[in-house]
Each structure stands twice: as structure tokens, then as C-alpha cells.
Amino acid sequence: MHHEEERPKRSQGGQQVRCKPFYPDCAGLGLDKDGGHCARADCPVCTVFGFARGKDQAGGFAGLAAFTDAHVLLFPVPTRQGPRWVTCPDALRLVWSEDPGVGKDAVYLGEKSPNPLNSGWLLLPVETCKKFQKIITYLSELGIPDFIRQRLALVPDRLFAHIVNSNLEVRTSVSIDPETGAAEDKALFSYEALPRGTVVVWEVIAKNPKHFRVDGQEISAQVNGNQINDPSRVFDVTQKAHPYLEHLGMGGMGTRGMGRLKVYIPNRPQTAKPVDCCASTRTAAVATEPEPTS
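With the working numbering as the guide, the letters of the sequence shown map in order to residues 79 to 372.
Next comes the structure, spelled out in C-alpha cells:
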């Protein structure tokens, strides 16, 4: 999408459309079996994110970038002291290898308090986590905002799932009859979603472009004026898409504000060691909502 304004236009069916190989033609929407993705070795979209052939055509390319499922790392919970972002040892293992030492059925903070603290409806005693400051420092290296890190709380693994399931955002909706434009009878339903401010984390795995061919041709696509010839360039292409996740979202129900994410890139320095096969990096994102428009 970031290439959209760079492409020349051509005439097609009496309309001016952008030339291939980039978005929106590479999305393959609304095109016949002879259209679809450009599937060219010099297209950064098709080579990094993959492509499928047109209708009734065989072949395709999985792409140089692979994305794992997003997992909840920090979950916002209302407390009498204001919102707290709760996590647990299992969730921290996604990004941190040490054991935080959380065992009792309690809320673990940087300092112990004689007063219990509620996590939603669950009232728990407050204990001290000896590695609390170390965890905050590591989350800073992941790019997690300061206002979240300063309101961190830890709970045992056995309580984390209950806290998350009890504090999901619940929305109620109703089906509309397209013929009358009115609500259908007995069509009221509710659904749950991660609340705004939830921090999720996933891994982006980049394959080495030197080991792959597109239709027998070496990958010659470029990003930022550099040829995509190693995994670090693949990461550069995926990062170009991150700003659009905040505004366009991903997944379904985008018109209801679902799927919008603000992506944070880890602050840790890149290794200078060359990568022969593939590389991976962890990416954190905070669920957001669209800004109101007038």
C-alpha cells in the first residue's frame, strides 16, 4: 500500500488505474481469472506476503514473512486504584525466559501493601515480586509504553485466564432485516472482544530470500532503495504495513472499530551476525479504537 502513489497510471475500461505490481491490484479483488496478484519477483508485496494465482490457476508462493498467532501479554483490568495491566508467568515466557517467582493466589506489585487489591470482581492480597523492576525494564526494551509499564501487575497462571475471561469487553447487537431496515425479531446477540489497551505479542519469521525463487527467478524486489536479499530487508517490508493496522485494522468487523492495533518495535539492537537461513523478531501491539471524525 505504501507504493500506491509511486505507481504510474494506465487506462483500463475507460478508467485510470494504477499499474501493477502493487496494491490494490495485488490484493486480487474483483479481478477475473487472468488477473489477481502480479506474482512477480520484483514485487515486494507478493514476495514478502505471498500470493495466490487467479481462479482455476495452479501455483502460488507462501511469502518470505511468516506470522505467528498473537497472544495476550498484558491485559487491562479495572481496579480501585485505576486500570492495571495484568500478566502472568506463562504470558511472560513469550518474551522473557526467567521465572518471576509468582506462586501464591495474590496480586504481585513492586511493593507490598497491607490492603488487598481487586482485579475486576476478584479481590486478592498484595505481595511483592522481587523481579518486578527487572520485568519493567525488559518490557521497555520491547517498546511497551511507559504508562502501561508503570501500572503493571502479576498474578499466577491459574488466575490469569479467569481474570481475562471475566473482563472481556461485551457488546450487544441486533440483526437488521434488509427488506424493512428494522431489527429482526429475536435476533439480539452479544459477543466478546479484547478491550482497548490490551497488549498482544507475536513473532515475525523472515526467510532468507536467497533460498527462494518466484517462477524460477531470483527475488529482485526492493525496499527503501535496497534489494531484498536478506531477512532484515523482509522485516523492513513488514514494518511498512504497521501504520495501516492502526487506521485500517485487520480481521473482521472493522466498521465497528475492531482489529485496530498500534505496533511497537523492540528497541533491542540488531545483531551484526549474518543469518544464513531465517530470522525472527517479536512484535508487540496495543489494541486501539478509531479516532472520532466530524
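Ideal placement from N, C-alpha and C gives every residue a C-beta, glycine not left out.
Just the Cα atoms here: how many angstroms apart are residue 262 and residue 341?
CA-CA distance, residue 262 to residue 341, rounds to 39 Å.
In its own chain, which residues sit with a C-beta less than 6 Å from the C-beta of residue 146, not counting the 5 before and 5 after it?
280 and 281
Enumerate, from N- to C-terminal direction, the unbroken beta strand (DSSP E) stretches of 3 or more residues contained entirely within the segment 114-149.
143-145
Taking residue 224 as part of the alpha helix (DSSP H), name the residues at either end of that continuous run.
224-227
DSSP three-state label for residue 206, please.
strand
Which of the three DSSP states is assigned to residue 238 in this structure?
helix
Are any of the Cβ atoms in chain D nearer than 8 Å to that of residue 234?
Absent here is chain D; the protein component of the structure consists of one chain.
Within 10 angstroms of the Cβ of residue 141, are there 16 or more other Cβ atoms? Answer buried if so, exposed if not.
Taking a 10 Å sphere around the C-beta of residue 141, we find 16 or more other C-beta atoms and assign the residue as buried.
Could you say which of 294, 296 and 314 lies nearest to residue 303 if we only look at CA atoms?
314
For residue 119, which residues from the same chain have a beta carbon less than 6 Å from its beta carbon, with the 5 sequence-adjacent residues on both sides left out?
For residue 119, where only same-chain residues beyond five positions count, the Cβ hits under 6 Å are 292, 295, 297 and 298.
For the beta strand (DSSP E) that residue 250 lies in, which residues bound it at each end?
247-254
Which first and last residues belong to the beta strand (DSSP E) in which residue 274 is found?
That residue, residue 274, is in no beta strand (DSSP E); it is neither H nor E in DSSP.
Give me the Cβ distance between residue 184 and residue 202, rounded to the nearest whole Å; I'm assuming they're in contact under 8 Å.
About 5 Å separates the Cβ atoms of residue 184 and residue 202, confirming a contact at the 8 Å cut-off.
Is the distance from the Cβ of residue 150 to the Cβ of residue 248 below 8 Å?
no
Could you tell me which residues DSSP puts in a beta bridge with residue 182?
According to DSSP, which records beta bridges pairwise, residue 182 is partnered with nothing at all.
What residue does the alpha helix (DSSP H) around residue 319 start on, and which one ends it?
Residue range 309-325 is occupied by the alpha helix (DSSP H) that includes residue 319.
Whose C-alpha, out of 328, 320 and 169, is nearest the C-alpha of residue 236?
169
Which residue wins for smallest C-alpha separation from residue 276, given the options 117, 139, 124 and 153?
153
Let me know the secondary structure DSSP gives residue 365 once reduced to three states.
In this structure, residue 365 counts as strand in the three-state DSSP scheme.
Taking residue 170 as part of the alpha helix (DSSP H), name the residues at either end of that continuous run.
167-170
Give the straight-line distance between the Cα atoms of residue 336 and residue 273, rounded to the nearest whole angstrom.
Approximately 10 Å, taken between the alpha carbons.
Could you have a look at residue 156 and say whether DSSP puts it in helix, strand or coil?
coil
Using DSSP with H/G/I as helix, E/B as strand and the rest coil, what is residue 346?
With a pLDDT of only 48 at residue 346, under 50, the local geometry of the prediction cannot be trusted, and the value read off the model is given with reservation. Coil.
Once the 5 residues before and after residue 265 are set aside, which same chain residues still bring their CB inside 7 Å of it?
252 and 253
Could you tell me which of 334, 284 and 212 sits nearest to residue 127, measuring between CA atoms?
Taking only the C-alpha atoms, the option nearest residue 127 is 284.
Are residue 173 and residue 220 closer than 8 Å when you measure CB to CB?
yes
With which residues is residue 163 paired in a DSSP beta bridge?
DSSP, once it has assigned bridges, lists 154 and 230 as partnering residue 163.
Just the C-alpha distance for residue 171 and residue 306, rounded to the nearest angstrom, thanks.
Cα to Cα, the separation comes out at about 32 Å.
CA-CA distance, residue 211 and residue 186?
12 Å
Residue 143 and residue 316 - do their beta-carbons sit closer together than 8 Å?
yes
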